[in-house]
Amino acid sequence: MNMKLGCIADDFTGATDLTNNLVRAGMRVVQTMGLPDGTLQTEADAVVIALKTRTIAPAQAIEQSLQALRWLRDQGAIQIYFKYCSTFDSWYQGDVRGNIGPVTEALMAELGTDFTIATPAFPDNGRTVFKGHLFVGDALLSDSGMKDHPLTPMRDANLVRVMQAQCQSRVGLIDHRAVGTSSQAVRQQIEQLKSQGVRIAIVDAVSNDDLLRLGPAMADLPLVTAGSGVAIGLPANFGLQPHVRTSQLPAPRGRRAIVSGSCSQATLGQVQRFIAQGLPHWALDPSRLADETGLADAVDQALAWARSHPEQAVLIYSSAEPAAVRAIQQNMGVEAAGQRVEQALAAISCGLLAQGVRQLVVAGGETSGSCVQALGITQMQIGPQIDPGVPWCHAQSPLSPEGLHITLKSGNFGGVDFFTQSFQRLIP
Ligand code: ADP
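Per this note's numbering: the sequence shown = residues 5 to 432.
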């Protein structure tokens with residue numbers, strides 16, 4: 005294998021988002037769910053390993069990320085890309101203010117490098133960074149729906165401050181004056197920051213042009229940490245031209261379903277739209293999931309309902325407004341609520357496949373991780389993009405050895421008609 009870029013993604017939707025951008029920028033990419041067994045046989049310019057480390061404590065996140073790093077280096081990766089969410093959120097508790105910083109520092113130590121960047125900028129999806137502050141659409145991160153995220157709320161938009169609170173190393177900023185000027189100006193600012201003892205720099209970027217100027221300045225860095233946006237500027241460093249290489253996926257077949265555990269604003273809008281169109285939907289009640297019997301009953305009822313709607317795409321969701329989520333969390337605990345809902349939706353996904361669903365939309369990063377693991381999917385082939393950051397994929401599962409179409413939608417991605425449009429996109 006002739007691997008150039010080795011990527012570690014901290015959640016499953018993030019992994020397909022990154023793969024999608026790399027493929028569109030001209031790379032042949034293999035995406036694995038979890039650490040691969042043994043060596044990969046397929047020729048690829050990049051391998052993206054999807055982990056589920058966004059919402060676990062730093063010690064475990066570091067351990068899994070280092071294992072992935074070692075595997076990627078053993079396979080010959082020249083540069084490592086640590087991919088996190090475009091809203092820069094991750095596990096935190098008490099004084100430990102997130103795991104992006106600790107994982108970044110552990111990867112830097114293992115690679116023996118004294119400098120890297122950090123930027124979740126993804127302008128195609130409205131994530132821009134200016135003067136170190138992250139915007140989600142027109143709002144500062146701290147004013148966006150992320151302030152109410154069920155697991156990882158974000159209440160500070162100043163990424164230099166957010167990252168500094170997570171790191172031992174000094175954190176600085178490559179500002180828009182450099183990124184908006186030239187790759188050379190970025191290189192100069194890197195040298196200047198290094199001379200001041202800065203080891204990690206947040207990078208401003210408000211457009212794809214900024215990211216394309218940033219790309220060449222990253223060529224010599226052993227490690228890049230970012231959302232998926234920076235990926236558009238890296239393949240050119242390896243002599244690859246932007247050109248959409250997405251694979252032709254097999255023809256779609258089977259029934260259609262949507263499983264949604266995301267409570268992000270974009271998803272809530274998509275759920276509302278689906279319901280408003282009079283399409284079949286089933287709300288999972290998290291208060292019934294506290295014990296095993298209640299959970300099993302709730303799963304069975306949802307599946308029995310789905311079986312009675314074989315003709316149309318069905319939506320099964322736990323997605324709820326912040327006040328409802330808070331009420332459940334107060335009763336069950338934040339972690340337990342998240343896990344119980346994920347467990348139920350994962351079991352529902354398996355049941356849907358058993359009923360003949362072969363086109364599956366999953367909404368939510370953690371939710372996707374749980375569903376994909378339960379379905380036993382270990383590799384995915386990337387196909388056409390539905391919306392920025394969200395491609396259709398094709399994968400084998402022990403529950404469907406002949407394969408299924410699946411798309412993993414990060415909570416805040418996708419237009420309001422995403423659920424219906426995704427299926428339209430598969431029609432040849
Ligand atoms: P997103 O991509 O929008 O962040 P995730 O799936 O990553 O979505 O996270 C949503 C989390 O909230 C999951 O752990 C999920 O199980 C949990 N969750 C979903 N619905 C509810 C609910 N009604 N009450 C409490 N927690 C919920």
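C-beta atoms are modelled at their ideal positions from N, C-alpha and C, and glycine is treated no differently. Everything numeric in this text was worked out from a predicted model, so none of it was measured.
- Residue pairing for F134: DSSP places it in a beta bridge opposite H137.
- The nearest non-hydrogen atom of the ligand ADP is less than 7 Å from the C-beta of S266.
- Judged by DSSP in its simplified three-state form, L76 adopts helix.
- Judged by DSSP secondary structure, C171 falls outside any alpha helix (DSSP H); it is assigned neither H nor E.
- Counted as a single uninterrupted DSSP element, the alpha helix (DSSP H) harbouring R277 occupies residues 269-280.
- Excluding the 5 residues flanking it on each side, S69 has same chain C-beta neighbours closer than 6 Å at I12, V107, in chain order.
- In this structure, Q333 has its beta carbon less than 7 Å from a heavy atom of the ligand ADP.
- C-alpha of C267 to C-alpha of I332: approximately 13 Å in a straight line.
- In the three-state reduction of the DSSP assignment, H180 falls in the helix class, which pools H, G and I.
- Counting of Cβ neighbours within 10 angstroms places I121 among the buried residues, the total reaching 16 or more.
- In the structure shown, W95 falls within a coil segment according to DSSP collapsed to helix, strand and coil.
- For A261, the CB stays at least 7 Å from every heavy atom of the ligand ADP.
- Each residue's CA atom was taken as its position, placing G368 and S322 some 11 Å apart.
- In the three-state reduction of the DSSP assignment, N162 falls in the strand class.
- Ranked by Cα distance from L227, the first of N103, R32, Q316, K87 is K87.
- For V140, the Cβ stays outside the 7 Å cut-off from all heavy atoms of the ligand ADP.
- Secondary structure of V361 (DSSP, three-state): strand.
- Around the C-beta of S186, fewer than 16 other C-beta atoms lie within 10 Å, and the residue is accordingly described as exposed.
- Looking at the backbone, the Cα of L9 and that of I279 are separated by about 42 Å.
- Looking at the DSSP output, H285 shares a beta bridge with L319.
- Take the alpha-carbon of D289 and the one of L272: they are about 16 Å apart.
- DSSP places I104 inside the alpha helix (DSSP H), whose first and last residues are 104-115.
- It is roughly 50 Å from the alpha-carbon of S353 to the alpha-carbon of E195.
- By DSSP's assignment, Q400 forms no beta bridge with any residue.
- R203 sits in a strand when the DSSP states are folded into three classes.
- The straight-line gap separating the alpha-carbon atoms of G265 and V366 is approximately 8 Å.
- Looking at the backbone, the Cα of L22 and that of R28 are separated by about 10 Å.
- Between G258 and A240, the C-beta spacing is not below 8 Å.
- In the pairwise beta carbon analysis, the stretch 59-69 is classified as touching the stretch 102-119: at least three pairs are separated by under 8 Å.
- Closer than 7 Å to some heavy atom of the ligand ADP: that describes the Cβ of V329.
- Non-local C-beta neighbours of M336 in its own chain, meaning closer than 7 Å and more than five positions away in sequence, comprise A294, R344, ordered along the chain.
- Linking A19 to T59 through their CA atoms gives a straight-line distance of about 15 Å.
- In summary, Q334 is exposed, with fewer than 16 beta-carbon neighbours lying within 10 Å of its beta-carbon over all protein chains present.
- For Q359, the closest of Q377, W309, A399 by C-alpha to C-alpha distance is W309.
- DSSP places D304 within a helical segment (H, G or I) once states are collapsed to three.
- Judged by DSSP in its simplified three-state form, A143 adopts strand.
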